[in-house]
Amino acid sequence: MLKISKQVGDRLISHALEESPNECCGLLLGQAGNDYPEITEIREITNIVNSPTRYQMDPQEYVNAWQESERRSLDVIACYHSHTRGANRFSETDRRLALENGWIDFPFVLVVLHDKVNPKILAFNVDSSGKVEEITVELI
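This is the structure we're talking about:
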């Protein structure tokens with residue numbers, strides 16, 4: 018389970034809507050030491066491919082976000098991106114990229130905008146065998 022503050026959940030959806038029709042992306046920060054990780058902050062990162070079907074985080078912004086989290090004693094809990102069209106789930110491309118980049122057993126939060134009036138926030142995990150498992154998201 019991932020616990021996401023309502024404020025972060027609202028910002029995730031806003032970021033996805035602002036960047037639509039392109040995908041948005043970023044990192045989610047908080048505290049991992051509890052029974053369930055609690056996400057309290059969002060770091061929006063530029064999608065350098067400006068695409069409605071894929072994302073690539075700006076490398077310098079990505080490094081800066083990790084360094085900031087360390088300075089502030091926050092954990093990077095998850096990365097996120099949006100699906101503005103296509104899969105209403107973690108896609109095969111998402112799974113492949115997670116494996117290629119070593120993001121094993123690390124949560125991915127997905128903002129699904131198929132219905133822009135009722136967007137969804139979903140989360141997934143990829144294990145070392147490539148199996149994708151949905152994670153429960155609780156907005157707090």
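Numbering (this note's numbering), first residue to last: 18 to 157.
All C-beta atoms in this analysis are idealised placements derived from N, C-alpha and C, irrespective of residue type, glycine included.
On a predicted model such as this, the values are computed, not experimentally measured, just so you know.
Separation of residue j from residue i, as counted between CA atoms
| i | j | result |
| --- | --- | --- |
| L127 | E55 | 16 Å |
| D75 | V134 | 29 Å |
| L1 | A140 | Residue 1 lies beyond the residue range present for the chain, which begins at 18 and ends at 157; the question has no answer from this structure. |
| Q84 | R112 | 26 Å |
| S145 | V93 | 20 Å |
| S99 | I138 | 9 Å |
| I121 | E150 | 12 Å |
| Q77 | G43 | 12 Å |
| E36 | L29 | 11 Å |
| V25 | L156 | 9 Å |
Local Cβ density within 10 Å of residue i, reported as buried at 16 or more and exposed below that
| i | result |
| --- | --- |
| E40 | buried |
| K148 | exposed |
| Y53 | exposed |
| N51 | exposed |
Limits of the unbroken alpha helix (DSSP H) element including residue i
| i | result |
| --- | --- |
| A115 | 109-117 |
| A33 | 23-36 |
| N142 | Unbroken run through N142 is the beta strand (DSSP E), 137-143; no alpha helix (DSSP H). |
First and last residue of the uninterrupted beta strand (DSSP E) at residue i
| i | result |
| --- | --- |
| E150 | 149-152 |
Beta-carbon spacing of residue i, residue j below 7 Å
| i | j | result |
| --- | --- | --- |
| V80 | Q73 | no |
Inter-residue CB distance, residue i and residue j (contact presumed, cutoff 8 Å)
| i | j | result |
| --- | --- | --- |
| A115 | V143 | 4 Å |
| A82 | R60 | 4 Å |
Test: residue i CB closer than 7 Å to a CB of chain D
| i | result |
| --- | --- |
| A33 | No chain D appears in the structure shown, which is made up of a single protein chain. |
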